[in-house]
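J.: The opening position of the sequence shown corresponds to residue 1473 in our numbering, with each subsequent residue numbered one higher. Even glycine gets a Cβ: it sits at the ideal position worked out from N, Cα and C. Bear in mind that the values here come from a model prediction, so they are computed numbers and not experimental data.
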Amino acid sequence: RTFLTMLGIIIGIAAVVLVIALGRGSTDQIIADIRQMGTNTLTVYPGTGFGDRRSQSVQSLRPADVEALKKLPFVHSVTPVVSTVVEARYGNQSAINTQIQGVGAQFFDVQGYEVTEGIAFDEESEAALALEAVIDENSVKTFFNEGKSPIGEVIIIGQLPVRVIGVATSKSQGMFSSDTMTIWIPYSSAMHRLTGGTSFRNITVRVDDNV
């Protein structure tokens, strides 16, 4: 409970700092404030402000917002996120509550994931609505025998078949590690082929380290 309270305070401070800096119209102030919080990433959510209870139902984050953020001179990379939970199946095995995240090609760089096997999808995959997936270690342990490579195998997520092209591991597991299976696919594929949505859950921005 104490940790959650502290986290709420930190996020609240971040939101206030960002709003104030935007009001000043100062790019340098935004960057300095972010760095003082010990991080170079920030996440944009829909809604009128921090704690907005209606944010889950607000559908205001669109592809145009991602493109606008990419053009900012101090931004290193940007990724949108579309999330859903479905049953995933491989052969005669299944996992009911599998986290599916539709993300951009820069997601793994923004969020500090390392692709330890295979490759990540790219912007061409986004444009083509590719049925490609990068899976986490929990998915590997659940679906594949020890020593068997998942690369090239087909997993069914909901009713959608996707081919595994990579395995990713977080560079900072720490206290936030869990047993939840996560599968990443291009956000365009998630929106058009899986969820049918037209907006993003959030957009994460990584600020350039050299700014």
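State the DSSP-derived secondary structure class of asparagine 1674, mapped to helix, strand or coil.
T.: Locating residue 1674 in the sequence shown gives position 202, where the first residue counts as 1. It is a strand residue.
J.: List, from N- to C-terminal side, the alpha helix (DSSP H) runs of 4 residues or more that fit wholly inside the segment 1590-1653.
T.: 1595-1599, 1609-1615
J.: When DSSP builds the beta bridges, which residues end up paired with isoleucine 1655?
T.: Indexing the sequence shown from 1 puts residue 1655 at position 183. Partner(s): Ile1572, Ile1607.
J.: I'd like to know if the segment 1566-1573 and the segment 1652-1663 are in contact, where contact means that at least 3 CB-CB pairs between them fall below 8 Å.
T.: yes
J.: If you measure between the beta carbons of glutamate 1596 and isoleucine 1637, is that distance less than 8 Å?
T.: Residue mapping note: residue 1596 aligns to position 124 of the sequence shown, counting from 1. Residue mapping note: residue 1637 aligns to position 165 of the sequence shown, counting from 1. For glutamate 1596 and isoleucine 1637, no; Cβs fall outside 8 Å.
J.: Could you give the distance in angstroms between the alpha-carbon of leucine 1533 and the alpha-carbon of isoleucine 1629?
T.: One-based indexing of the sequence shown puts residue 1533 at position 61. One-based indexing of the sequence shown puts residue 1629 at position 157. Roughly 25 Å between the two C-alpha positions.
J.: For the beta strand (DSSP E) containing leucine 1514, name the first residue and the last one.
T.: Numbered from 1 along the sequence shown, position 42 holds the residue referred to as residue 1514. 1513-1516 is the span of the beta strand (DSSP E), which, as asked, contains leucine 1514.
J.: Count the other C-beta atoms from every protein chain shown that fall within 10 angstroms of the C-beta of glutamate 1586, then say buried if there are 16 or more, exposed otherwise.
T.: Within the sequence shown, numbered from 1, the residue matching residue 1586 stands at position 114. Classification of glutamate 1586: exposed, given that the 10 Å Cβ count is below 16.
J.: Residue ranges of each beta strand (DSSP E) run of no fewer than 3 residues wholly in the segment 1535-1580, ordered along the chain?
T.: If we require 3 residues or more, the beta strand (DSSP E) runs fully inside the segment 1535-1580 come out as 1547-1562, 1565-1575.
J.: Counting only the same chain and skipping the five closest in sequence on each side, list residues whose C-beta sits under 8 Å from that of methionine 1663.
T.: Taking the first residue of the sequence shown as 1, we reach residue 1663 at position 191. Exclusion of the five residues before and after methionine 1663 leaves Val1554, Gly1574, Gly1669, Thr1670 as the residues of its chain whose Cβ lies within less than 8 Å of its Cβ.
J.: I'd like the list of long-range same chain contacts for threonine 1551, defined as Cβ closer than 6 Å, with 5 residues on each side in sequence excluded.
T.: Taking the first residue of the sequence shown as position 1, residue 1551 is located at position 79. So the list reads Val1575, Gly1576, Gln1578, Phe1579, Val1582, Thr1676, once near-sequence residues are dropped.
J.: With which residues is valine 1679 paired in a DSSP beta bridge?
T.: Here the question's residue 1679 lines up with position 207 in the sequence shown. Note: valine 1679 sits in a beta bridge opposite Val1547.
J.: Quick check on this structure: which residue in Ser1642, Thr1667, Leu1666, Ser1661 has the alpha carbon closest to the alpha carbon of glycine 1584?
T.: Stepping through the sequence shown from its first residue, residue 1584 is reached at position 112. The residue with the shortest Cα to Cα distance from glycine 1584 is Ser1642.
J.: When you compare each of Val1626, Val1679, Asn1682, Phe1615 to isoleucine 1657 by their alpha carbons, which one comes out closest?
T.: The count along the sequence shown starts at 1 and reaches residue 1657 at position 185. Considering only alpha carbons, the answer is Val1626.
J.: Taking only heavy atoms of the ligand FMN into account, decide whether any of them is closer than 7 Å to the Cβ of proline 1518.
T.: For the ligand FMN, the structure offers nothing, since it holds no ligand at all.
J.: Do valine 1606 and phenylalanine 1616 have their C-beta atoms within less than 8 Å of each other?
T.: Within the sequence shown, numbered from 1, the residue matching residue 1606 stands at position 134. Within the sequence shown, numbered from 1, the residue matching residue 1616 stands at position 144. No, they are not a contact pair.
J.: Rounded to a whole number of angstroms, what is the C-alpha to C-alpha distance between lysine 1620 and asparagine 1610?
T.: Residue numbering aside, residue 1620 sits at position 148 when the sequence shown is read from its first letter. Residue numbering aside, residue 1610 sits at position 138 when the sequence shown is read from its first letter. Between lysine 1620 and asparagine 1610, the C-alpha separation is close to 14 Å.
J.: Based on DSSP bridge pairs, tell me the residues matched to valine 1582.
T.: Mapped onto the sequence shown, residue 1582 falls at position 110. In the DSSP output, where bridge partners are listed per residue, valine 1582 has none listed.
J.: Just confirm the distance between the C-beta atoms of phenylalanine 1546 and valine 1634, as a whole number of angstroms; I'd bet it's less than 8 Å.
T.: Taking the first residue of the sequence shown as 1, we reach residue 1546 at position 74. Taking the first residue of the sequence shown as 1, we reach residue 1634 at position 162. That pair is no contact at about 34 Å.
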